[in-house]
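A.B. asks:
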Amino acid sequence: MSTASIRFTLALVVAGFLVAAVGQTASAQLLTVGNYHATNNSTYDKWYENRIWLGQTARSNEYAVTARNGTRGTVMHFEKGSVYRISEGRHAGETYFMNGGINAKYLQMGGISSKAGFPIGDAKRLSPTAGHAQAFQGGMIVWNVQQKLFVYYPYQFGDR
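Numbering-wise (the numbering used here), the sequence shown opens with residue 38 and increments by one.
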């Protein structure tokens, strides 16, 4: 029997919480976080690596979305943020997360339907006093130290 034809289920329990159940079927791998499912390994991996920032509890299944610029991908929401995976175009296969003030600003702007589009990088700390910034297809969300709020700066020459 080949490795590809072997199917399995694995459950991992940490501190009394069901953290992940991985079940493989002939068509796709199913990754479970609580009662919700991720369909991509990269979505699950991004959540797992950043669960301290995203939270232990999923708030939705991973589902398909299309950005204002036509780029397609998926999103999965958690108690403190979201994981976005781009499935086509220049950034196909890339997966990024958002949380905190950047996520709040992004959602206030309209989320995936906004001019920002998909995130194309995780948030980066600019300096100890300047805060964070995150790049998107259409611009950047940056902590403005003087204004003490997150501000969206569109790219001058279109989407990235």
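Don't be surprised by glycine CBs; every beta carbon is placed ideally from N, CA and C.
1. Per DSSP, what are the beta-bridge partners of residue 96 in this structure?
2. Quick one: Cα of residue 80 to Cα of residue 122, how far?
3. Output the boundary residues of the alpha helix (DSSP H) element that contains residue 88.
4. What do you reckon, are the CB atoms on residue 184 and residue 108 nearer than 9 Å?
5. Here's the rule I'm using: 16 or more other beta-carbon atoms within 10 Å means buried, otherwise exposed. How should residue 176 be labelled?
6. DSSP three-state label for residue 164, please.
7. Given that a residue counts as buried once 16 or more other Cβ atoms are within 10 Å of its Cβ, and exposed if not, what is residue 111?
8. From what residue to what residue does the beta strand (DSSP E) around residue 110 run?
9. Which term fits residue 129, buried or exposed, when burial requires 16 or more other beta carbons within 10 angstroms of its beta carbon?
10. Should residue 63 be labelled buried (16 or more other beta-carbon atoms within 10 Å of its own) or exposed?
11. From the DSSP secondary-structure annotation, give me the bridge partner or partners of residue 122.
12. Where does the unbroken beta strand (DSSP E) through residue 181 begin, and where does it stop?
13. When DSSP labels each residue in this structure, what does residue 104 get in the three-state scheme?
14. When DSSP labels each residue in this structure, what does residue 184 get in the three-state scheme?
15. Reducing DSSP to helix, strand and coil, say where residue 153 ends up.
16. To the nearest angstrom, how far is the alpha carbon of residue 101 from that of residue 169?
C.D. replies: Quick answer:
1. Paired residues: none, contrary to the question.
2. Taking the Cα positions, residue 80 is about 7 Å away from residue 122.
3. Its alpha helix (DSSP H) spans residues 88 to 91.
4. Cβ distance not < 9 Å, so residue 184 and residue 108 don't count as in contact.
5. Here residue 176 is buried. Its C-beta has 16 or more other C-beta atoms within 10 Å.
6. Three-state result, residue 164: strand.
7. Within 10 angstroms of the beta-carbon of residue 111 lie 16 or more other beta-carbons, which makes it buried.
8. Residue range 109 to 115 is occupied by the beta strand (DSSP E) that includes residue 110.
9. Exposed is the call here.
10. In this prediction, residue 63 scores a pLDDT of 31, lower than 50, which makes its location untrustworthy; no coordinate-derived value is stated.
11. In the DSSP output, where bridge partners are listed per residue, residue 122 has 111 and 132.
12. Here the beta strand (DSSP E) through residue 181 covers 176 to 181.
13. DSSP places residue 104 in coil when its eight states are reduced to three.
14. Here DSSP, grouped into helix, strand and coil, assigns residue 184 to coil.
15. Looking at residue 153 - three-state DSSP - the assignment turns out to be coil, as it is neither helix nor strand.
16. Straight-line Cα distance between these residues: approximately 28 Å.
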